[in-house]
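Converting from the sequence shown to our numbering requires adding 374 to each position, the first position being numbered 1.
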Amino acid sequence: MSDDTDAPRPKRRIQDLGRRTVLRGAAFGAAAPLLASPAHATASDTATTRRASLAGSPSFRWLGTSGWRIDVEERTVLFDPYITRFKTGLFDGNFKPGTKLRSDPELVRERIGRPEIVLVSHSHWDHIADVPYIAKTTGARIVGTETTFHLLVAFGVDPGQISVVKGGEVLDFDGITVEVVSSLHSRNKRHTYFAPGTLNAPPPTAPRIISDLPEGDTLAYQVTTGSAGPSAFLMGASDFSERAVQGLSPDLAMIAVPSSASTSRYVPRLLRALGQPGVVVPVHWDNFEEPLSETPRRDPAMDLDAFVALVHQETPMSRIVVPDYHTTYGGDMRPKPRPVPKNGDHRLP
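This is how it looks when you write it as structure tokens:
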């Protein structure tokens, strides 16, 4: 959640062969929903088909806050999908920790497609509130901390559907590689944050209000789709373990904007540890209580302009993309053209 509640090396990434050449490639068409495998196909056949289907470039859609939808061919990965975005008073100066949790099925269905994997960074409401509904209605594999596991079980999610991770795991989902990265939650000016704590068992009753959801440790993820990539580093909060991210060298880095200077030299340390990514995408700078149907409105605690200037100063050869809610981006984080409607109707969809 929002928390007020050296000289750059020469870039080589864009010229590299293999998956990094995707950043120079043409954008791929919009991905289709996940389709069921034919009844006669074996598990091995399905895995082979899935791997073979990852030759195209992925598409990225920002779900606001730190959330992303990644589509490649017929497969979908979600990260921190918080879509309902209900009011808590956080952005009005009257924050209410007792705000009731809710999830709007219609809004969620409009945005998620048919996800196969859902990655959760931590368990605050603006990262996990819609995950129980998504898990129970799509059957997606949920990946998160032990605290996330216990909370989702309390919400009625099948325990067998949840993969508990700690950081350091490298998971192969039939050609979609997920590297789990031990991380840290951001802190406010007082070096504290909302609802710390972890769970080692499900709570006796399902959480009802936002303060029922402790942070439960924080993870980051690096997702690579197929052998051609690109790799995308995904953060859910604006702090990190420098040793944990060292050497990841992602093509795209979705970096959370900090609300304070509590973390020493956050931007330069992170960019250098990541190997100065070719594309930097600031996230978690928006007012996440405004609907996704609107234009993103900035969180007044976040200085997005200063963040962008600092990234440019530290790694001037990185391209900076400030995302919006309505654009589908290609694997190079350039906007994809909208499909032309059939029957000569050229109105925008």
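Here a beta-carbon is modelled for each residue, glycine too, at the ideal position from N, C-alpha and C. The model shown is predicted, which means the values in this text are computed figures rather than measured ones.
Comparing C-alpha distances from Arg643 to each of Glu664, Arg617 and Pro656 shows the shortest one belongs to Arg617. For the options Val657, Asp625 and Thr592, the alpha carbon positioned closest to that of Glu520 is the one of Thr592. Non-local beta-carbon contacts of Phe681 in its own chain, meaning distances under 6 Å to residues more than five positions away in sequence, involve Val631 and Pro656 in chain order. For Trp442, the three-state secondary structure derived from DSSP is strand. Beta-bridge pairing by DSSP links Thr519 to no other residue.
Per DSSP, the beta bridge partners of Tyr595 are Val554 and Leu608. Just measuring C-alpha positions, the residue of Ala528, Ala635, Thr551 and Asp548 sitting nearest Arg564 is Ala635.
With fewer than 16 other Cβ atoms inside 10 Å of its own Cβ, Asp679 counts as exposed.
Residues Thr598 of the same chain have their beta carbon placed closer than 6 Å to that of Thr551, with the five preceding and five following residues left out of the count. Excluding its 5 nearest sequence neighbours in each direction, Ser497 has C-beta neighbours in its own chain below 8 Å: Gly518, Thr519, Thr521, Thr522, Leu525, Leu587, Pro588, Glu589 and Gly590, listed in chain order.
If you draw a 10 Å sphere on the C-beta of Lys461, you find fewer than 16 other C-beta atoms in it, and that means exposed. For Trp659, there is no enclosing alpha helix (DSSP H), as DSSP gives it neither H nor E. Where Asp546 is concerned, the enclosing beta strand (DSSP E) starts and stops at Val544 to Phe547.
For Thr450, the enclosing beta strand (DSSP E) covers residues Arg449 to Phe453.
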